[in-house]
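Down below is the structure, laid out as C-alpha cells.
Protein chains: 2
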Amino acid sequence: MEYASFLRAHIERVVPLTDEEFEQVLPRFRPRTVSRRGLLIKSGDTVKSEFLVMDGLLKSFIYDEKGKEHILQFAMENWWVSDYAAFIAQDKGEIYVQALKTSVVLELSLSDRKELCVLVPKMYQFHGEKAFLGYVALQKRVLSMMKNSAKEKYELLLKQYPQLFQKVSKTLIAHYLGVSRETLSRLEKSHRS
Amino acid sequence: MEYASFLRAHIERVVPLTDEEFEQVLPRFRPRTVSRRGLLIKSGDTVKSEFLVMDGLLKSFIYDEKGKEHILQFAMENWWVSDYAAFIAQDKGEIYVQALKTSVVLELSLSDRKELCVLVPKMYQFHGEKAFLGYVALQKRVLSMMKNSAKEKYELLLKQYPQLFQKVSKTLIAHYLGVSRETLSRLEKSHRS
Numbered sequence: 001m002e003y004a005s006f007l008r009a010h011i012e013r014v015v016p017l018t019d020e021e022f023e024q025v026l027p028r029f030r031p032r033t034v035s036r037r038g039l040l041i042k043s044g045d046t047v048k049s050e051f052l053v054m055d056g057l058l059k060s061f062i063y064d065e066k067g068k069e070h071i072l073q074f075a076m077e078n079w080w081v082s083d084y085a086a087f088i089a090q091d092k093g094e095i096y097v098q099a100l101k102t103s104v105v106l107e108l109s110l111s112d113r114k115e116l117c118v119l120v121p122k123m124y125q126f127h128g129e130k131a132f133l134g135y136v137a138l139q140k141r142v143l144s145m146m147k148n149s150a151k152e153k154y155e156l157l158l159k160q161y162p163q164l165f166q167k168v169s170k171t172l173i174a175h176y177l178g179v180s181r182e183t184l185s186r187l188e189k190s191h192r193s
Numbered sequence: 001m002e003y004a005s006f007l008r009a010h011i012e013r014v015v016p017l018t019d020e021e022f023e024q025v026l027p028r029f030r031p032r033t034v035s036r037r038g039l040l041i042k043s044g045d046t047v048k049s050e051f052l053v054m055d056g057l058l059k060s061f062i063y064d065e066k067g068k069e070h071i072l073q074f075a076m077e078n079w080w081v082s083d084y085a086a087f088i089a090q091d092k093g094e095i096y097v098q099a100l101k102t103s104v105v106l107e108l109s110l111s112d113r114k115e116l117c118v119l120v121p122k123m124y125q126f127h128g129e130k131a132f133l134g135y136v137a138l139q140k141r142v143l144s145m146m147k148n149s150a151k152e153k154y155e156l157l158l159k160q161y162p163q164l165f166q167k168v169s170k171t172l173i174a175h176y177l178g179v180s181r182e183t184l185s186r187l188e189k190s191h192r193s
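Protein sequences, first through last, are from chains A and B.
Numbering of the first sequence is given in the numbering used here, commencing with residue 1 and proceeding in unit increments.
Numbering of the second sequence is given in the numbering used here, commencing with residue 1 and proceeding in unit increments.
Listed below in C-alpha cells is the structure:
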C-alpha cells in the first residue's frame with residue numbers, strides 16, 4: 001500500500017482532513033523500512049521521533065539490572081511506538097524498539113508534530129484522541145500489574161489482543177507477562193482444559 | 001479561590017482562551033466539595049465524569065481478591081482523576097476515588113467534554129496535552145513496576161513527588177509502592193543513612 005493513502009486513512013479514522021490539510025501533513029512523515037531484529041530506538045539514544053507502524057510487528061522493551069528483558073508493548077499496523085518519556089523531553093531514553101519481522105514505519109519528529117498541529121489544528125484532535133486511548137490502555141495495564149495473578153494477566157492479554165498469539169513467540173509473550181516460559185506453558189494448558 | 005479563576009488559569013497554562021471561549025467552558029464544570037473519606041467514585045459505579053482537583057488531596061485505588069488495597073494514583077491540586085477505562089466507555093468501573101482530606105473538585109462529564117471540544121476546538125489541544133503527559137507518566141510507572149526494586153520505586157516516587165511525603169501517611173505510600181509498611185520503614189532508614 002502506498003504510504004500516503006495508509007496515513008490519510010489512519011488519521012481520518014479520527015478526524016477528516018481536506019486535501020489542502022493533508023498536503024501539510026504528508027511531508028512531515030518519513031517512511032522507513034526496518035528489517036527483522038533491526039532497532040528503531042536503543043537505550044541511550046536521544047529520542048527525536050515517534051513511529052506509526054504501517055506494516056509488520058515490533059516490540060518495545062527494557063532490560064533490568066539482571067539483564068532480564070521486560071516487554072512494554074507490541075506494536076502492529078496502525079499502532080504508535082516510541083520511548084515517550086525521552087521523546088517528550090528530547091532526551092536519552094532507556095527503551096529499545098525492535099522489529100520482530102521486516103516492518104514499515106512512518107517516522108514523525110517532535111518538532112514536526114508540533115509545527116503540524118499549529119498549521120493544521122485538527123491534528124491536536126488526532127493526537128489528543130490517540131494519547132487518551134493510550135492513557136486508558138496503560139491505566140488498565142497498571143491495574144492489571146497491581147492486582148492480577150499470572151493467570152488473569154494471561155487471559156486479559158488473550159482477550160485484548162487475540163491476534164498477538166498467532167504472531168508472537170511464546171518466549172515474547174512470557175516477557176510481556178513477566179512470567180517464565182514454563183509458567184506460560186502451564187497457563188496455556190489450564191486455559192485450554 | 002473562586003473556581004472560575006482557578007479553572008481559567010488551569011486551562012490557560014496549556015492554551016489561552018478568549019472571554020467568549022471561557023464563557024462556553026465554565027458552565028460545563030460543576031464544583032463539588034467532598035469531605036474526608038468521601039467517595040467520588042466507587043467500584044461498580046457507572047463512571048460518567050472526570051474530576052479536576054481544585055483543592056485537597058484524593059487517592060484512586062482498587063482492592064484485589066484478597067482485599068488488599070493498591071493505589072493507582074494520588075491527586076492533588078491541578079490533577080485530574082477518574083476511572084478512565086470506565087469513563088471512556090461510560091461503563092461500570094472497578095476503581096475507588098476517595099478524598100484523603102476535604103477537597104474541592106470540578107466535575108466534567110464525557111458528554112460535556114465532547115460538546116465543549118466541538119464548540120471550543122482549543123479544548124482538543126488542552127485535553128490532548130493533558131492526556132499525552134498522563135500517558136508519559138503512566139509509561140514511566142509501568143517501566144518502574146517492571147524493572148525496579150522496592151528501593152528504586154521508593155526513590156523514584158520521592159524524586160517525582162517530594163511533596164507527597166509531607167501530605168500522605170506511610171501506610172498509603174506503602175500501598176502505592178506495593179510494599180508492606182515494614183519494608184517501607186526499612187527503605188526510609190536506608191535512604192536517610
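Built from N, CA and C at the ideal position, the CB exists for glycine as well.
Please read all numbers here as calculations on a predicted model, not as lab measurements.
Taken in chain order, the whole beta strand (DSSP E) runs of length 3 or more contained in the region 42 to 71 of chain A are 49 to 63. In this chain, T102 of chain B is not harboured by any alpha helix (DSSP H); it is covered by the beta strand (DSSP E) spanning Y96 to S109. DSSP, reduced to helix, strand and coil, places M76 of chain B within a strand of the structure shown.
Any Cβ of chain B closer than 9 Å to the Cβ of Q125 of chain A would place that residue at the interface, and such an atom is present.
Annotation: T33 of chain A is outside any alpha helix (DSSP H); the continuous beta strand (DSSP E) that includes it extends over R30 to V34.
Beta-bridge partners assigned by DSSP to V81 of chain B: B:F51. Contacts with chain A at 9 Å (Cβ-Cβ) do not include E155 of chain B. The three-state secondary structure of L17 of chain B, taken from DSSP, is coil. Taken in chain order, the members of the region 48 to 66 of chain A whose beta-carbon sits within less than 7 Å of a beta-carbon on chain B are I62 and D64. Rounded to whole angstroms, V179 of chain A and L26 of chain A show a C-alpha spacing of 42 Å.
Excluding the 5 residues flanking it on each side, F126 of chain A has same chain C-beta neighbours closer than 7 Å at I11, V14 and V15, in chain order. Looking at the DSSP output, L39 of chain A bridges to A:Q98.
The beta carbon of I71 of chain A lies closer than 6 Å to those of K59, F61, H175 and Y176 in the same chain, with the five residues before and after it left out. For Y124 of chain A, the uninterrupted alpha helix (DSSP H) run begins and ends at K122 to K147, by DSSP. A Cβ of chain B is located within less than 9 Å of the beta carbon of A85 of chain A. Legend: CB atoms of the region 112 to 146 of chain A lying less than 7 Å from CB atoms of chain B belong to residues P121, Y124, Q125, H127, G128, A131, F132, G134, Y135, V136, L138, Q139, K140, R141, V142, L143, M145 and M146. Selection B:T46, B:R37, B:G38 and B:S103 evaluated against Y3 of chain B yields B:S103 as nearest (Cα-Cα). Of all residues in the region 71 to 82 of chain A, those with a C-beta nearer than 7 Å to a C-beta of chain B are L72, reading in chain order. By the neighbour-count criterion, in which a residue is buried when 16 or more other Cβ atoms sit within 10 angstroms of its Cβ, Y154 of chain A is buried. Residues V47, K48, S49, E50, G93 and L110 of the same chain have their beta carbon placed closer than 8 Å to that of F87 of chain B, with the five preceding and five following residues left out of the count. By the neighbour-count criterion, in which a residue is buried when 16 or more other Cβ atoms sit within 10 angstroms of its Cβ, G67 of chain B is exposed.
For the region 165 to 183 of chain A, the residues whose beta carbon sits under 9 Å from a beta carbon of chain B are, in order, G178. In this structure, the beta-carbon distance from V142 of chain A to M54 of chain B does not fall below 9 Å.
Counting C-beta pairs closer than 8 Å gives fewer than three between the region 162 to 172 of chain B and the region 164 to 174 of chain A, which falls short of the contact rule. With contacts defined as CB atoms closer than 9 Å, Y135 of chain A and A131 of chain B qualify as a contacting pair. If you ignore the 5 residues before and after L158 of chain A, its C-beta comes within less than 7 Å of the C-beta of F165, all in its own chain and listed in chain order.
At the C-beta level, D45 of chain B and K147 of chain A stay beyond 9 Å of one another. Under the Cβ distance rule, E94 of chain B counts among the residues neighbouring chain A, one pair being separated by less than 9 Å. Judged by DSSP secondary structure, E155 of chain B falls within the alpha helix (DSSP H) whose first and last residues are A150 to Q160. Interface criterion not met: the Cβ of I41 of chain A is under 9 Å from no Cβ in chain B. A straight-line Cα-Cα distance of about 6 Å links E21 of chain B and V120 of chain B. A straight line joining the alpha-carbon of N78 of chain A with that of R181 of chain B spans about 44 Å.
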